[in-house]
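Residue numbers (my numbering): 277 to 1023.
What follows is one structure encoded as structure tokens, with my remarks underneath.
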Ligand code: ADP
Ligand code: ZN
Ligand code: ZN
């Protein structure tokens, strides 16, 4: 039977807001094609991989012009229906090209067109032939007498054990020795999937919950359907214990639980808590996986049978894991900035997780000691159910939070002398200290007191950071590095000096003050390689007196049982930033760092060293629970009509030439304004173009245009109709631009 003509609408990963119609391969029929299959297509002189999203009978491309695809890669769709729909949702909500959104869903290797097969690794074992014949080991040895290497290897292999070729090679045998034994059928090859999930064991029994925890759990379990819960509990209040017990029935049913954690929260400690509780498979999706491992883990989740429970723990992008038996989603530290992707398709992992939960009709738990104002607002509006844990669980003492007023106080290298005495006293009690400074390097600037020169980056509106281990100047915004000058390049003065304190400077200073005590610096420089963090932190977990100095890498995920004094310095800039979210972020950071102290039986003290001790928000933070500060900040947002009381979309543009991006955004604004008038939408306003807070970055001049509305639906309908215009603007080929829906950073 002759098929009527049909087309394939294909989502192609290119920055254009449409799908592309192709013809099927000759001599194939309709039944070979389905939405969700990957295809290889000719595209503007290249070959690209795309995903079939529709099979229409008509196309705007005339039949004579339409090209056939090159290859149909899959024979059955790999993406489960819900993920396929999620790709469309992301594209619509974030106003990004569908093809680029589908690329988020595919692991890298599938994006490149590889087949979706689990990789196998070869192992060798002693052949089982001996047990079934009358041959004895002595006979075998005798038969190998003229092949002494084979004989030696055979002898070394234990019955019933699998050996990787690498291990055999490490013993000093060449592949020909293995080959020889294999030809003689004395050893057998065994191929096993290379990727094995971690096997969890239920060795840590559930704890008996306190009343607040029990109430929270009861609410979550009460109806087993979609509902977002905001588990708002102070540090150490036992949120993780609630997650674990909420997950338990899901695992018992053989389903999957998705646990999202911040980038720096994916610590071995976190993984251990999940793997010690459940007899389940644990899949950890972290940035250290290579593309092969990532695909194997992806396939392992996709192919789950729904018989043995699976826990998928990962950072932001794990929200796109295919999970046919998904039963619950947990997002730990839901306020954390790392859940928002800041490039390409700028999705928010937490918000996408909530959408997934709704699609699948399952509970979603957002946990935090310092919930985002966005989530708190949703809780206050009853969109999320608010569950509170106000007390520390178990025996842990809560931490006393204090302000240290730096005004008129003697200080050395950025640290008040009185606080150095506190450190000394803490160490004398055999306890540990954490000094938090949100700047890596030795000092944030290099300064000439004779002429006022400062080391500035030529490619950014920013100062260069002085590093001393090893010595160089480094721009943390564009990565430019320079040798450290010995004299002022402007007036040749010899008096140039680093100003301000970073982690290296404090480390150096504290080492001098406390020569007998280990000082451990934790920042991006000291933990550059993969396992450095764990190695560095070893002494901390032995409990011996020591001082930790570090950036916000220390603020999350880790529990330091013997840290009883936390000092934070240099967070003042957060109180006066142009970014309206700065105070929220600073408060969250301060409480997260503070929460590292006194997690066990010993009480902890956290001290905020500041020049602005009278700042009203700071005193609120210290005197009252976080919720008081959060309501004050929400009130302020309401008065100023800022998110979450209004919805924002940020159009960013940049160019190598000054004013060019700004000009582009002027044209964009005009165009959008025209649209607004012609479509008759009301309540959408524009702000800008404005220079970005750091206008010059990495050699590019940057500008912003804000689009605001009190009504999310109106805003999105309007954008649906108008944003495609932007792709058609002519004469701006040097401009890079992007759209950020619900932006979280004013950069
Ligand atoms: P959070 O996730 O809120 O920071 P955790 O779940 O890590 O809190 O709990 C903090 C500490 O208290 C952990 O050592 C945990 O084992 C313990 N804990 C939690 N719930 C209880 C409970 N109900 N009884 C006793 N100890 C508990
Ligand atoms: Zn000078
Ligand atoms: Zn720079």
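From the three backbone atoms N, C-alpha and C, an ideal C-beta is built for every residue, glycine too.
Exercise for the section: Return the first residue and the last residue of the alpha helix (DSSP H) that residue 984 is part of. Expected result: Secondary structure note for residue 984: it is in no alpha helix (DSSP H), and the uninterrupted beta strand (DSSP E) holding it is 976-985.
Exercise for the section: Would you tell me roughly how many angstroms separate the C-alpha atoms of residue 758 and residue 775, rounded to the nearest one? Expected result: Cα-Cα distance, rounded: 17 Å.
Problem - Nearest neighbour of residue 868, chosen from 770, 610 and 547 [CA to CA] - result: Nearest option by C-alpha distance: 610.
Handout entry: Coarse secondary structure for residue 684, derived from DSSP in three states
Key = Coil, per DSSP.
Practice task
Closer than 8 Å by C-beta to residue 278: which residues in its own chain qualify, once you throw out the five before and the five after it? Chain order, please.
Solution key: Caution applies to residue 278, whose pLDDT of 43 falls short of 50 and renders its modelled position unreliable; the value that the coordinates give is listed next. For residue 278, same chain residues with a beta-carbon under 8 Å away, outside a window of 5 residues either side, do not exist.
Problem - Which listed residue (589, 342 and 564) has its alpha carbon closest to that of residue 302 - result: Of the candidates 589, 342 and 564, the one whose C-alpha sits nearest the C-alpha of residue 302 is 342.
Handout entry: Distance cut 6 Å, beta-carbon to ligand 2 heavy atom: residue list by chain order
Key = One residue after another in chain order, those with a Cβ under 6 Å from a heavy atom of ligand 2 are 724, 726, 727, 729, 764, 766, 767 and 769.
Practice task
Please go through the same chain and pick out, in chain order, the residues whose beta-carbon is closer than 8 Å to the beta-carbon of residue 676, but skip the five residues on each side of it.
Solution key: Taking residue 676 as the centre and dropping the five residues before and after it, the same chain places the C-beta of 879, 880, 881 and 882 closer than 8 Å to its C-beta, in chain order.
Problem - Identity of the residue in 821, 650 and 845 nearest residue 705 by Cα - result: Nearest C-alpha to residue 705: 821.
Problem - Rounded separation between residue 709 and residue 798 - CA only - result: Each residue's Cα considered, the two are about 13 Å apart.
Practice task
Report yes if the C-beta of residue 756 is less than 8 Å from at least one heavy atom of ligand 3; otherwise report no.
Solution key: Indeed, a heavy atom of ligand 3 lies less than 8 Å from the Cβ.
Practice task
Measure the Cβ-Cβ separation of residue 904 and residue 872 and say whether it is below 9 Å.
Solution key: Result no, Cβ atoms of residue 904 and residue 872 do not sit closer than 9 Å.
Practice task
Kindly indicate the opening and closing residues of the beta strand (DSSP E) around residue 931.
Solution key: Taken as a continuous stretch (DSSP letters only), the beta strand (DSSP E) holding residue 931 covers 923-931.
Problem - Distance cut-off 8 Å: residue 932 Cβ against heavy atoms of ligand 3 - result: No, Cβ of residue 932 sits at least 8 Å from all heavy atoms of ligand 3.
Problem - Neighbourhood of residue 495 by C-beta, 8 Å cutoff - its chain only, sequence neighbours within 5 removed - result: Result list for residue 495: 505, 661 and 663, in chain order.
Handout entry: Unbroken beta strand (DSSP E) run spanning residue 287, endpoints
Key = DSSP places residue 287 inside the beta strand (DSSP E), whose first and last residues are 284-287.
Handout entry: In chain order, each alpha helix (DSSP H) run of at least 4 residues that lies wholly inside the segment 944-1014
Key = Along the segment 944-1014, the alpha helix (DSSP H) occurs as fully enclosed runs of 4 or more residues at 988-998 and 1000-1004, listed in sequence order.
Exercise for the section: Let me know if residue 955 comes out buried or exposed under the rule of 16 or more other beta-carbons within 10 Å of its beta-carbon. Expected result: Residue 955 is exposed by the Cβ-count criterion.
Exercise for the section: Use the C-beta contact count for residue 767: other C-beta atoms within 10 angstroms, 16 or more gives buried, fewer gives exposed. Expected result: Residue 767 counts as exposed, since fewer than 16 other beta carbons sit within 10 angstroms of its beta carbon.
Practice task
Over the uninterrupted beta strand (DSSP E) stretch that includes residue 298, give me the two end residues.
Solution key: Counting along the chain, the unbroken beta strand (DSSP E) around residue 298 starts and ends at 296-298.
Handout entry: Extent of the continuous alpha helix (DSSP H) run through residue 577
Key = In this chain, the alpha helix (DSSP H) harbouring residue 577 covers 567-578.
Practice task
Could you tell me the distance, in whole angstroms, from the CA atom of residue 762 to the CA atom of residue 770?
Solution key: A direct Cα-to-Cα measurement between residue 762 and residue 770 gives close to 7 Å.
Handout entry: Under the three-state DSSP convention, the category residue 321 falls into
Key = Coil at residue 321, not helix or strand.
Exercise for the section: Go through the segment 474-537 residue by residue and report every complete run of the beta strand (DSSP E) that reaches 3 residues or more, in order. Expected result: If we require 3 residues or more, the beta strand (DSSP E) runs fully inside the segment 474-537 come out as 503-509 and 532-536.
Handout entry: Among 841, 902 and 366, nearest to residue 700 - alpha-carbon criterion
Key = Ranking the options by Cα distance to residue 700, first place goes to 841.
Practice task
Taking only heavy atoms of ligand 3 into account, decide whether any of them is closer than 8 Å to the Cβ of residue 1035.
Solution key: No answer is possible for residue 1035: the residues shown for the chain start at 277 and end at 1023.
Problem - Distance CB(residue 791)-CB(residue 815) smaller than 9 Å - result: It is not a contact, given that the beta carbons lie outside the stated cut-off.
Exercise for the section: Could you please give the first and the last residue of the uninterrupted alpha helix (DSSP H) stretch that includes residue 451? Expected result: Start and end: 451-459.
Practice task
Check whether the segment 620-629 touches the segment 475-493, counting contact only when three or more Cβ pairs, one atom from each stretch, lie closer than 8 Å.
Solution key: Inter-segment contact for the segment 620-629 and the segment 475-493 is absent: fewer than three beta-carbon pairs are separated by less than 8 Å.
Handout entry: residue 405 to residue 457 span [Cα, whole Å]
Key = For residue 405 and residue 457, the distance between alpha carbons rounds to 13 Å.
Handout entry: Where the alpha helix (DSSP H) containing residue 363 begins and where it ends
Key = It spans 357-370 - the alpha helix (DSSP H) in which residue 363 sits, taken as one unbroken run.
Handout entry: Own chain residues within Cβ distance below 8 Å of residue 952, not counting five before or after
Key = Excluding positions up to five away in sequence, the list reads 960, 994 and 998.
Practice task
Tell me whether residue 976 counts as near ligand 3, meaning its Cβ is closer than 8 Å to at least one heavy atom of that ligand.
Solution key: It does not: the Cβ of residue 976 is nowhere closer than 8 Å to a heavy atom of ligand 3.
Practice task
Taking only the alpha-carbon atoms, compute the straight-line gap between residue 733 and residue 969 and give it to the nearest angstrom.
Solution key: Note on geometry: alpha-carbon atoms of residue 733 and residue 969 lie some 16 Å from one another.
Handout entry: Residue span of the alpha helix (DSSP H) that contains residue 375, given as start and end
Key = Element bounds for residue 375: 374-381.
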